[in-house]
Structure formats: C-alpha cells, structure tokens
Amino acid sequence: MRLVVDLNRCQGYAQCAFLAPEVFTMHGDEALMYDPQADDRQRENVRRAADACPVKAITVEPEDAAAAGGKAGASRVG
Amino acid sequence: MSVDGYLEAFRRSGSIVIVGASLAGLRAAEALRDEGFTGTLTMVGDEPHEPYDRPPLSKQVLLGKVPADHTALPRRRAVDAQWRLGTAATGLDLAGKRVSLADGDAVEYDRLLIATGVRARPWPHELEADLDGVFVLRTRDDAAQLHHRLKAGPHRVLVIGAGFTGSEIASACRERELPVTVAERGAAPLVGALGGVVGEVAAELQRAHGVDLRCGVQVTGLEGDSAGRVRRAHFSDGTAVEVEVVVVALGATRNTEWLADSGLGAGPRGIACDAGCRAFDVRGIVTDDVFVAGDVARSPHPLFGYQFLSLEHWGNAVAQAEIAAHNMVSASTDRLPHLWMPSFWSAQFGVNIKSVGVPPMADQILVTQGSLAEHRFTAAYGYQGRVIAAVTFDQAKWLDFYERQIEQAAPFPPEFPTVDRRPEGMRPVAAGFPDPSLPSHGPTVTLSGHSPTDRRVSFSPHRA
Numbered sequence: 001m002r003l004v005v006d007l008n009r010c011q012g013y014a015q016c017a018f019l020a021p022e023v024f025t026m027h028g029d030e031a032l033m034y035d036p037q038a039d040d041r042q043r044e045n046v047r048r049a050a051d052a053c054p055v056k057a058i059t060v061e062p063e064d065a066a067a068a069g070g071k072a073g074a075s076r077v078g
Numbered sequence: 001m002s003v004d005g006y007l008e009a010f011r012r013s014g015s016i017v018i019v020g021a022s023l024a025g026l027r028a029a030e031a032l033r034d035e036g037f038t039g040t041l042t043m044v045g046d047e048p049h050e051p052y053d054r055p056p057l058s059k060q061v062l063l064g065k066v067p068a069d070h071t072a073l074p075r076r077r078a079v080d081a082q083w084r085l086g087t088a089a090t091g092l093d094l095a096g097k098r099v100s101l102a103d104g105d106a107v108e109y110d111r112l113l114i115a116t117g118v119r120a121r122p123w124p125h126e127l128e129a130d131l132d133g134v135f136v137l138r139t140r141d142d143a144a145q146l147h148h149r150l151k152a153g154p155h156r157v158l159v160i161g162a163g164f165t166g167s168e169i170a171s172a173c174r175e176r177e178l179p180v181t182v183a184e185r186g187a188a189p190l191v192g193a194l195g196g197v198v199g200e201v202a203a204e205l206q207r208a209h210g211v212d213l214r215c216g217v218q219v220t221g222l223e224g225d226s227a228g229r230v231r232r233a234h235f236s237d238g239t240a241v242e243v244e245v246v247v248v249a250l251g252a253t254r255n256t257e258w259l260a261d262s263g264l265g266a267g268p269r270g271i272a273c274d275a276g277c278r279a280f281d282v283r284g285i286v287t288d289d290v291f292v293a294g295d296v297a298r299s300p301h302p303l304f305g306y307q308f309l310s311l312e313h314w315g316n317a318v319a320q321a322e323i324a325a326h327n328m329v330s331a332s333t334d335r336l337p338h339l340w341m342p343s344f345w346s347a348q349f350g351v352n353i354k355s356v357g358v359p360p361m362a363d364q365i366l367v368t369q370g371s372l373a374e375h376r377f378t379a380a381y382g383y384q385g386r387v388i389a390a391v392t393f394d395q396a397k398w399l400d401f402y403e404r405q406i407e408q409a410a411p412f413p414p415e416f417p418t419v420d421r422r423p424e425g426m427r428p429v430a431a432g433f434p435d436p437s438l439p440s441h442g443p444t445v446t447l448s449g450h451s452p453t454d455r456r457v458s459f460s461p462h463r464a
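Protein chains in written order, with full-length UniProt numbering: chain A, 1 to 78; chain B, 1 to 464.
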C-alpha cells in the first residue's frame, strides 16, 4: 500500500508513530520518517493513523486507484 | 461555436497532454479527472518509472530504511491516462499544438500542461564527473546507486554544496557512521536559503555530528586512479582529501531546453506564467492553451511584490498542479490564482527544519522564540518593516501563526510578546544573505524580477 505524508502540514504530534509504529517513526524530536510503501498488513493501522492525524497530513492510496502505472515506452491506459 | 460550447466539448472529448510525470504531473492528472474532464489524457515522462516521491530519496532511502523503488506516489484516484514513460519530450510546436517525443513520435493536444521540473546540476568538468564514485542525487536511480555505494562503507564521502540536499546527504552519511567532508563555497550551510544567522546554526549542527565542514572553499578538481575511480578532491585553499565517494549537490537546472525554439517564454530560470498558470510566450503575451506547474514554473506572487517566484518545493508542485488543472478546464471567469504560501521542510542531523514565506527576500532576522544555541528556535524574517518569512528548528507548531503574520504583512520586528523569548530575541540583526550575484548552489526560492518580458528570461544562453 502506498502512502505519502505532507510534511509541510505535519507538526510532529506523533499520533501516527503510536498507532502504526511499523510505518511511521519519529526521527529526533519532531521529524517524521515513514515507509511510503507499507506492507498491506499495516492497512488498518495506517488507516487509524491517518484518521488520528490532527493536521490530516497522511494520504493513503485508495485500493481501487492502485496499480495504475505504466512501463517504460509503453502506451497504455492506467 | 460559442466559447461556452467549445469549453463543454473540450471537457467532454478534448485532449490534454501533460509533459512531466512526477509529483506535479500526477496531481494535475488526478485533479483534471476530479474536475470532470473526460477526454484523452496523455502523460509524458522522461524517466521509465511511474510517478514517485523525491523527498525520501535523500533520507529514508540513503539510510537504507526504504528501497529506492518503494517511493511511488499514492494515487488519489485512477487517472485513466495514456502513459508515455521513458520518453522525453523534445520539442513543442505551439501553432500546430503538438509535442514531439524522443522516440520520433508526436502527440497532439488541445491544452498542454508543462511540469518538466528540474534536474541535478552536474559537476562542470565532464571527465571528472564521469569518474566512478561521483554522483548527483535527484532521481530514484541516483538514490539507488548512491545508497548501494554508501552501504559498501566507503572510507570517506565528499559532499560538494551544503544546500538542503547536500546537508541531508551528509546527515545520512553520519547516521551511517561514514566519515564525510562537506565543501561549501558560501560562508555556511543553507546560507542561500536561510541566511547567515541560521546558516551558522546549521554549521554547528554539522560539526556537532562529526562532519568535516569546510566553508568558503571550492573544490578545484577531482582526481581519479588508473581504474577511473575517484580517489582525491582538491580544494581552493590548497588542501586535498582522499575520498571514495563524491556527491555533487550544487542545486538544480530547469528542464526547459526542449522548449528552446518553441516561442514560449522558457529559459534557465524556468517558464514564466501568470497567476493562473498560463505560460507566457517570448513576446510577453500569455498563451491560451499552455499551462505550467511545479519546479519549472515561475509566477508572480502578490504577497511578495508581484515578483516572479520559482519554488522548488513539494507543496508548491501539488498546489500549482491543482490550480493549473482547474484553470485548464474552466472558463476564464471561473479560474483561480495560484497564491500558495511558500513552505518547505528538511530533516537533517535529527532536527526538523521548516520555513514559510520567502526568507531570501529578507534584510533582517529576529529570533522570536527559543535559542539559536539550543538548535531549537523560531526566527522571523523582516523586509522593509514587515514580516516576510519565518523558520523553525524543531518548533513547527508555531509556524502557522507566522504564516498568518506574513499574509497580513504584519510589522517587523513583531510588536507582540512571545513564549520563550530570550535576550537574543530583543533586537533584530542582519539576516546575512549572500550577494545574489555571487555563484552558489542557490536558495530553493528564486526571485527573478518583476517583468515576464525580462530579456534574461528568454534569451540568456544556457549555463553549465
């Protein structure tokens, strides 16, 4: 599962680091590091983290938007 | 056909081409579909990868916490696009409304969005740049290669340029316990973006974490061994250091060369556009069907004297892409201006650095909260008596307040008391930005004059 955190918005409340510690970790007192391609087994934890974020900085890919990529030189719909 | 009729038909079955398949391109594509555009959408990208996120490359990826190919951006929705990845755009025919591609093909558009971004400025000496062990860091592939080399445990890494990228790379090296030398032409790290006062704090941070930081020096040459591997760097002060890895972090070059003969107002400083993201042509006339977003754009901002700002910021790419997409499929009276407050962050040496506004525009700085010596503070930047920017080190929670101050053009120095005001916060001092005419890796906000017809924009020769 793919996710991204808007770190302009993030203020280091660290709620996500408590709710999904496998995915979000604090790096120092305030900086957040996260796994942008978390294991699917973390989906429920990540959802809780995204819901709990006081500044709504976490974007998680909806399941139906996934796998919409393209390959080198390919011309395909996705 | 009436204008309204055209717009309706265009929204239903027109064709849009987006050149640039990174953050701005992807978010624009999603926004176009959200806006109800049901026509043909083509995404052209020079890299073979689907859109990925760059900020983790200099942090999680170099630390080995996240593989470089695990950085693909989440989709907010399906975009139903034709993807032409691994195929650079090579030319633009404005009259024929056609983008030519590196594979000899061409794609036609009714409306075009240019989001080609920037690339890492390479080491200027080509033979030295080709030495094994010399890297830049901009793309996913760059990050994968650099991480691979760092993992092997080189006896010393040299980072050339102490802007944000260079400083984050040095931070990752120290966290990996690799010896690292940082060479910076300016007086301090981050000096172009944050000024000399905050730059001194950045220098202290680097030294406290064991970086061999050398400011006020230039790298005059990189020397290889008989096998073509880099082994030594020479500095302008006559010293030299043995290195196994060199990372060139000298800022970015805008990807506008493919537009050189197009008639569009594109050059080394980016592509000039109006507040509605419509590109200017070389005559200073705004185009109807060509829009720009992201790092490659430069647009006038009313909060900053209508100067044309180029913002190499993640948040700007997202916000400008959304505005551009909206305007591409809207009637002129429904269009929105791109008035994003410049904001960015950097994590380095365990500190979260955040900025709002345009620090390089400032003449003075005041530490309004906390203390420089503790590396935890909020600094307000002033320009001609008003608050123009603010920077925090591990105090992000205060930044929203200063953003309001900037929006209101509040007086500087601030007239209000603040939490945790220290003696050093009683009087503003010179912000200490270097003379902008001196060459450096440059700030991540570029102020480039008032006029879209500024001749430097369209006609200056390409620089190395």
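Using N, Cα and C, we set each Cβ at its ideal position, and we do this for glycine too.
Shown here for residue 33 of chain B: same chain residues with a beta carbon closer than 8 angstroms to its own, the five before and five after excluded, namely 41, 77, 78, 79, 80 in chain order.
DSSP, read as helix, strand or coil, puts residue 32 of chain A in strand. Taking 7 angstroms as the upper bound on Cβ-Cβ separation, chain B lies near residues 27, 28, 29, 30, 31, 33, 35, 36, 37 of the stretch 21 to 47 of chain A. Straight-line spacing of the CA atoms in residue 338 of chain B and residue 30 of chain A works out to 30 angstroms. The secondary-structure analysis by DSSP pairs residue 300 of chain B across a beta bridge with B/308. Per DSSP, the continuous beta strand (DSSP E) segment holding residue 119 of chain B begins and ends at 118 to 120. Remark: C-beta atoms of residue 21 of chain B and residue 48 of chain B do not approach each other more closely than 8 angstroms. Only residues of its own chain outside the window of five on either side were considered, and among them 49, 50, 51, 52, 53 have a CB closer than 8 angstroms to the CB of residue 72 of chain B, listed in chain order. The beta-carbon separation of residue 397 of chain B and residue 11 of chain A, rounded to 5 angstroms, stays under the 8 angstroms limit for a contact.
Sequence-ordered contacts of the stretch 305 to 334 of chain B with chain A read 313, 314, 315, 318 [C-beta pairs closer than 9 angstroms]. Residues of the stretch 5 to 16 of chain A whose Cβ lies closer than 9 angstroms to any Cβ of chain B, in chain order: 6, 7, 8, 9, 10, 11, 12, 13. Listed along chain B, no residue sits closer than 9 angstroms to residue 51 of chain A by beta-carbon distance, the nearest being about 16 angstroms off. Put simply, the CB of residue 71 of chain B is near chain A, with a gap under 8 angstroms to one of its CB atoms. Interface criterion not met: the Cβ of residue 63 of chain A is under 8 angstroms from no Cβ in chain B. Under the DSSP definition of a beta bridge, residue 348 of chain B partners with B/351.
For residue 15 of chain B, the uninterrupted beta strand (DSSP E) run begins and ends at 15 to 19, by DSSP.
A direct Cα-to-Cα measurement between residue 232 of chain B and residue 240 of chain B gives close to 7 angstroms. Taken in chain order, the members of the stretch 390 to 414 of chain B whose beta-carbon sits within less than 7 angstroms of a beta-carbon on chain A are 394, 396, 397. Non-local beta-carbon contacts of residue 94 of chain B in its own chain, meaning distances under 8 angstroms to residues more than five positions away in sequence, involve 262, 263, 264, 281, 287, 290 in chain order. When Cβ-Cβ separations below 8 angstroms define contact, residue 3 of chain A makes contact with chain B. It is roughly 15 angstroms from the alpha-carbon of residue 380 of chain B to the alpha-carbon of residue 341 of chain B. Per the coordinates, the alpha-carbon of residue 57 of chain B lies some 16 angstroms from the alpha-carbon of residue 349 of chain B. Residue-level contact check: residue 274 of chain B does not touch chain A, since none of the beta carbons of chain A fall below 8 angstroms from its beta carbon. With respect to the C-alpha of residue 392 of chain B, the residue from B/267, B/330, B/210, B/357 having the closest C-alpha is B/357. When only Cα atoms are considered, residue 128 of chain B and residue 220 of chain B end up about 11 angstroms apart.
The Cβ-Cβ distance between residue 359 of chain B and residue 245 of chain B does not fall below 8 angstroms. Counting along the chain, the unbroken beta strand (DSSP E) around residue 377 of chain B starts and ends at 376 to 383.
The C-beta of residue 226 of chain B has fewer than 16 other C-beta atoms within 10 Å across all chains shown, which makes the residue exposed. For residue 102 of chain B, the closest alpha carbon among the candidates B/112, B/85, B/113 is that of B/85. Counting C-beta pairs closer than 8 angstroms gives three or more between the stretch 47 to 55 of chain A and the stretch 5 to 20 of chain A, which meets the contact rule. Three or more Cβ pairs closer than 8 angstroms define a contact, and the stretch 14 to 28 of chain B falls short of that threshold against the stretch 132 to 146 of chain B. Residue environment analysis places residue 412 of chain B among the buried positions, since at least 16 neighbouring C-beta atoms fall within 10 angstroms of its C-beta.
Contacts with chain A (Cβ-Cβ distance below 9 angstroms) from the stretch 56 to 67 of chain B involve 56, 59, 60, 63, 65, 66, 67, listed in chain order.
Judged by DSSP secondary structure, residue 149 of chain B falls within the alpha helix (DSSP H) whose first and last residues are 140 to 151.
Here the C-alpha atom of residue 119 of chain B lies approximately 7 angstroms from the C-alpha atom of residue 255 of chain B. For residue 399 of chain B, the enclosing alpha helix (DSSP H) begins and ends at 399 to 407.
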